[in-house]
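Novice:
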Amino acid sequence: MEISITVNGRSEALDVPDNALLADVLRERLGLTGTHVGCDTSQCGACVVHMDGAAVKSCTVLAGQANGAEVTTIEGIGNPDNLHPMQAAFRENHALQCGFCTPGMIMSAIDLVQKADGQLDEGDVRDGLEGNLCRCTGYHNIVKAVLAAQDDMKSA
Amino acid sequence: MANETGIGAAVKRKEDARFITGTGRYTDDIGAHGQTYAVFARSPHARAKLNGLDASAALATEGVVAVFTGADLQADGIGDLPCGWTVHSKDGEPMVVPAHPPIAVDKVNYVGEPYAVVIGESLEAAKNGAEALEADFEELPAVVDLASAASADQIHENVPNNQTYDWELGDKAATDAAFAQAHHVSSLEIVNNRLIPNAIEPRAALGEYDAASGLYTLHTTSQNPHLERLVLAAFVQIAPEARLRVISPDVGGGFGSKIFVYAEETAVIWAAGKLRRPVKWRAERSESFLADAHGRDHVTKAELALAEDGTFLGLRVKTLANMGAYLSTFASSVPTYLYGTLMAGQYKTPAIYVEVQSLFTNTAPVDAYRGAGRPEATYVVERIVETAAREMGIDAAELRRRNFIAPSDFPYETPVALTYDTGDYEASLAKALEHADYAGFGARKAASEAAGKKRGIGFSCYIEACGLAPSQVAISLGAGVGLFEVGEVRVDVTGSVTVVTGSHSHGQSHETTFAQIISEKLGVPFENVTVLHGDTGRSDYALGTYGSRSLAVGGSALIKAIDKIIAKGKKIAAHMLEAQEEQVDFADGTFTVADSNQSLTFPEVAFAAYVPANYPLEELEPGLSEKAFYDPPNFTYPAGAHICEVEIDPATGVVDITSFVAVDDFGHIVNPMIVEGQVHGGLAQGIGQALLEHGVYDETGQLVSGSYMDYTMPRADDLPSFTVDTTVTPCTHNPLGVKGCGEAGAIGSTAAVMNAVTNALGVASVPMPATPETVWRAAQA
Ligand code: FES
Ligand code: FES
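These protein sequences, in sequence, are chains A and B. All residue numbers in the first sequence are consecutive under the working numbering, ending with 185. All residue numbers in the second sequence are consecutive under the working numbering, ending with 2259.
#1: Run the CB neighbour count on His-1661(B), radius 10 Å, all protein chains shown included, and call it buried at 16 or more, exposed below.
#2: First and last residue of the beta strand (DSSP E) that includes Asn-2237(B)?
#3: Once the 5 residues before and after Gln-1513(B) are set aside, which same chain residues still bring their CB inside 6 Å of it?
#4: Given a cut-off of 7 Å, decide if Ile-2050(B) and Ala-2091(B) are closer than it, judged by their beta-carbon atoms.
#5: Between Thr-1991(B), Ser-2227(B), Asp-2066(B) and Thr-2210(B), which lies nearest to Val-2139(B) when the distance is taken from Cα to Cα?
#6: Looking at the C-beta of Leu-125(A), does it have a partner C-beta in chain B at a distance below 7 Å?
#7: Give the residues of chain A in contact with His-2158(B), contact being defined as C-beta atoms less than 7 Å apart.
#8: Does the distance between the C-beta of Cys-130(A) and the nearest non-hydrogen atom of ligand 1 fall short of 6 Å?
#9: Between Tyr-1643(B) and Val-1834(B), what straight-line distance do the alpha-carbon atoms span, to the nearest angstrom?
#10: Looking at chain A, which residues of the region 1804-1821 of chain B have a Cβ within less than 7 Å of any of its Cβ atoms?
#11: I'd like to check one pair, Gln-72(A) with Tyr-2186(B): are the Cβ atoms closer than 7 Å?
#12: Against Leu-55(A), what residues of chain B qualify as contacts under a CB-to-CB distance less than 9 Å, listed in chain order?
#13: Which residues in the same chain have their Cβ closer than 6 Å to the Cβ of Ala-138(A), if we skip the five residues on either side of it in sequence?
#14: Check the DSSP bridge columns for Gly-1685(B) and list the partner residues they point to.
#15: Going by DSSP, which residues form a beta bridge with Arg-1774(B)?
#16: Relative to the C-alpha of Val-1739(B), which residue among Leu-1753(B), Leu-1705(B), Ser-1764(B) and Asp-1775(B) is closest?
#17: If we define contact as Cβ-Cβ less than 7 Å, is Gly-128(A) a contact residue for chain B?
#18: Check whether the Cβ of Ile-139(A) lies closer than 7 Å to any Cβ atom in chain B.
#19: Please name the residue in Gly-1557(B), Thr-2008(B), Ala-1651(B) and Glu-1667(B) whose C-alpha comes closest to that of Pro-1893(B).
#20: At least one CB of chain B closer than 7 Å to the CB of Pro-132(A): is that the case?
#21: Is Arg-1525(B) near ligand 2, with its Cβ less than 6 Å from a heavy atom?
#22: Taking 7 Å as the threshold (C-beta atoms), are Glu-1998(B) and Asn-2304(B) in contact?
#23: Assuming contact is defined by CB atoms lying nearer than 7 Å, are Ser-1735(B) and Ala-1771(B) in contact in what I supplied?
#24: At the level of alpha carbons, what is the spacing between Met-1479(B) and Gly-2218(B)?
#25: Can you tell me which of Leu-1693(B), Val-1714(B), Pro-2094(B) and Val-1574(B) puts its alpha carbon nearest to the alpha carbon of Thr-1564(B)?
#26: Run the CB neighbour count on Pro-1680(B), radius 10 Å, all protein chains shown included, and call it buried at 16 or more, exposed below.
#27: Report yes or no: do the region 2131-2148 of chain B and the region 2158-2167 of chain B share at least 3 C-beta pairs separated by less than 8 Å?
#28: Could you have a look at Glu-1912(B) and say whether DSSP puts it in helix, strand or coil?
#29: Looking at the unbroken beta strand (DSSP E) that takes in Met-1870(B), where does it start and where does it end?
#30: At 3 residues or longer, and completely inside the region 1597-1645 of chain B: list those beta strand (DSSP E) runs for me, N to C.
#31: Mind checking whether Ile-2225(B) and Pro-1813(B) have CB atoms under 7 Å apart?
#32: Between Gln-148(A) and chain C, is any beta-carbon pair separated by less than 7 Å?
#33: Check whether the Cβ of Lys-21(A) sits closer than 6 Å to any heavy atom of ligand 1, and report yes or no.
#34: For Gln-2163(B) and Gly-74(A), what's the separation of their Cα atoms in angstroms?
#35: Out of Gln-1701(B), Val-1714(B), Gln-1950(B) and Ile-1716(B), point me to the one whose CA is closest to Gly-1730(B)'s CA.
#36: Starting from the C-beta of Gly-2012(B), find all residues in its chain whose C-beta is less than 7 Å away, skip the five residues before and the five after it, and write them out in chain order.
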């Protein structure tokens, strides 16, 4: 099927199989390999991207469902010279080790902070990131980073 | 001079720039022109004869390029997957090793064992092809229960009683004598539950073959690419090492599970050569559950003999260890030399005897998982010590103190073959007790009781042997490889530095910490240092990363190479400054001549080495690039005290960790931020084992916990924030004085949690994981 999606501000017209998953299209067709695939049951959150402003697990979205949507991936939120406050907070707080969960974790965290409008405490962050697995960090520094980014995003 | 990017500084990580922007390069992110896709057909049965395989429909499936069976690999001379550590039984006989073909030939022995690989033009084509395979299985009764495995059906023709070895360590007679004199004996039956490692990046491989050069290139998710290459060359017989390059690019966590050489990358690199086309494979998570090597899985009886004042007299341990269906790469060493040797813990127990019988079952192979043997040992020692304290009515901290090896006792030779170099166990415990506010525990317990809750506190004073390993010791105990490490320092013409290390980072942050070492020792700006790792084409043969060895062994190799750089730099500087070599000093990036104002910067000397105008060419080779191998003289012995406090709601059985304190002694620390992160991650895994995680097979050998819906991974809302601190007794025998920090969290924490849970419930033991149901049942008793 033919779809047109805007990914990180660029419009793309693609011919994809009906059963193609958004995660695979991002990775294989658009070369956006920052979006990771860590499971097959929609449980790990490594694949989280934003679709029309909300976090979605791109392994669970058909590319066809994204037709006409605006998609933002980890590659679209900042770059080394101009990091998104969440990216900066992850670095500042050592909230990543192997980095594999990180793109999905950051995309989920941004969505969490935006929806909460700066009101999150530690428990809220832990509950809010329940859909993202990290095997390296024990979450301690991820929670710290998200709380720090919340302040930065408020003042930004 | 305090160096802001030197040793001891909490420098932010170099590797983060790519990981937070989505530009890391993991194996699955790499593709090759014209690549094909591999899908493995996996056994649905725990144990069956494979009487035939009809691939005609698969081969006729659109887009299928080839179907390969175990017989095809064998016919091509492809060898078995070896186990690299030969353990000997009590009777002196070497362990019994069953055949382990990468792809099953005529029988399958666990659910998920590959019996064919289908290669397709697309992943979908390969999947369709695999679906179309018709395998003729004749099911056999599966051996699943470890406790009865020795008397069950024989799985492998050459392995009677399903036993690979029956091993012992320590002095049996002395230990029996100690028990005969005991005032009190505590005993405990312990099950160390099976865990499934679950690095978030699934294993993957991309095999390529270049017909023009005859060169194979394998990108794969390995913690030790050289070991992978050695096994694929020497045992599997893909090609000589010189024609085989193994690259581990960014790797998304390993925790041991990516040490081993598996069927999948073996088949992928072989098939790439056969087909003369690149072959790509990435595990789906369900394949990771089925076919990654699992961890732990012991059944143990432990007994501790004590004198009237609580002095430990003897420890007797008998363990059954599950090997799964085959011997994975280092499986045999985990419940023996990484387990029995740790039974002294932090204590002066004079007599110890350990017996371990390792058995096969029709389950996935079991091998090293974060801590590997040492968490199991700590669990035995710290659970039985805590049990004894309760039975004898001695405060659990006090009983430990009475038996600690004292700082004045080092070096201390244990009755189980290790010599601890240094430590101060009382110092870590004291600091931990303070952080945990042990004095206030009684009041908190009373408050919980008033609210209808049960509160408990648990200790774990662990020790581990890390920095694997002195090669000659390991080889004498059965290791098939040396365990040194290599480090190379290439100074560039303008004075920047490229480090090539044989260690591999899959989260450990070598690109940062190794650059800190260079910054400190050579005065080169941190940003001018690049660390390369994970490529057999770049570094010399070395052993990779596991057993908390990267800094202790790899970092020490780097220091040796740095020393050579400085020594050569002094020679060059002496020539340029017309001084004697002995008069030249090097500090903070500057060569100076004693008692003079003459000096040269490091970049000036580097430049002279490559543009040798004023240079002693007749005595000295040009260039400034040095390499060193380092073989450690001993293990390192990180140790510490973990204290867990829990509150349990007896109505629901939910365990709430109200505080977790870890005070660890890792010797000197290069980057405290990174060390804390390593501890956090280890704690999460140890707590996960205690409360959440369980690899379960049903009686037919089906993996019941085969997905994230069934296997409970620790999530953010399952864990508390941790209190982490350190004490320092520098390692006495490596140049950095470091001990290693990668596994401590997972080694110490499990026992602390279970000691707290049993303390809260007032029961002798609770099985792991202490899920709400388990705890609720225990609370009703
Ligand atoms: S890949 Fe695991 S949730 Fe999408
Ligand atoms: S940083 Fe490795 S999984 Fe999160």
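All residues carry an ideal CB built from backbone N, CA and C; glycine is no exception. This one's a predicted model, so the numbers in the text were calculated from it and none came from an experiment.
Specialist: Once the coordinates are examined:
#1: Result: exposed.
#2: Not the beta strand (DSSP E): Asn-2237(B) falls in the alpha helix (DSSP H), residues 2222-2239.
#3: So the list reads Pro-1756 and Lys-1758, once near-sequence residues are dropped.
#4: Taking 7 Å as the Cβ cut-off, Ala-2091(B) and Ile-2050(B) do not qualify as a contacting pair.
#5: It is Ser-2227(B) whose Cα lies nearest to the Cα of Val-2139(B).
#6: By this cut-off, Leu-125(A) is an interface position.
#7: The contacting residues are Thr-166, Gly-167, His-169 and Asn-170.
#8: No; taking the cut-off as 6 Å, the Cβ of Cys-130(A) has no heavy atom of ligand 1 nearer than that.
#9: About 8 Å.
#10: Taking 7 Å as the Cβ-Cβ cut-off against chain A, none of the residues of the region 1804-1821 of chain B qualify.
#11: A contact, by the Cβ cut-off of 7 Å.
#12: Chain B residues near Leu-55(A): none, gap ~10 Å exceeds 9 Å.
#13: Correct list, in chain order: Met-115 and Val-175.
#14: Answer is Leu-1696(B) and Val-1757(B).
#15: Answer is Arg-1672(B), bridged to Arg-1774(B).
#16: If we check each option's Cα against that of Val-1739(B), Leu-1705(B) comes out closest.
#17: It does: the Cβ of Gly-128(A) has a partner Cβ on chain B nearer than 7 Å.
#18: With 7 Å as the cut-off, Ile-139(A) does not count as an interface residue toward chain B.
#19: Closest by alpha carbon: Ala-1651(B).
#20: Chain B contact via Cβ: present.
#21: Flag unset: Cβ of Arg-1525(B) not near ligand 2.
#22: No answer is possible for residue 2304(B): the residues shown for chain B start at 1479 and end at 2259.
#23: For Ser-1735(B) and Ala-1771(B), yes; Cβs fall inside 7 Å.
#24: At Met-1479(B), the pLDDT of 44 sits below 50, so the modelled position is not reliable and the matter cannot be decided from this model.
#25: Of Leu-1693(B), Val-1714(B), Pro-2094(B) and Val-1574(B), the smallest CA-CA separation from Thr-1564(B) is found for Val-1574(B).
#26: Burial state of Pro-1680(B) is buried, judged by a 10 Å Cβ sphere holding 16 or more other Cβ atoms.
#27: Judged by Cβ distances under 8 Å, the region 2131-2148 of chain B makes contact with the region 2158-2167 of chain B, as three or more pairs qualify.
#28: Secondary structure at Glu-1912(B): helix, using DSSP grouped into helix, strand and coil.
#29: Looking at the DSSP string, Met-1870(B) is not in any beta strand (DSSP E); the run it does join, the alpha helix (DSSP H), is 1852-1870.
#30: Entirely contained in the region 1597-1645 of chain B, the beta strand (DSSP E) runs reaching 3 residues are, in chain order, 1612-1617.
#31: Contact annotation: Ile-2225(B) and Pro-1813(B) have beta-carbon atoms that are not nearer than 7 Å.
#32: Of the protein chains in this structure, namely A and B, none is chain C.
#33: In the structure displayed, chain A extends from 30 to 185; residue 21(A) sits before or after that span and is not available.
#34: Cα-Cα distance, rounded: 19 Å.
#35: Among Gln-1701(B), Val-1714(B), Gln-1950(B) and Ile-1716(B), the Cα nearest to that of Gly-1730(B) is on Gln-1701(B).
#36: Taken in chain order, the residues that qualify are Pro-1703, Ile-1725, Ser-1726, Pro-1727 and His-1982.
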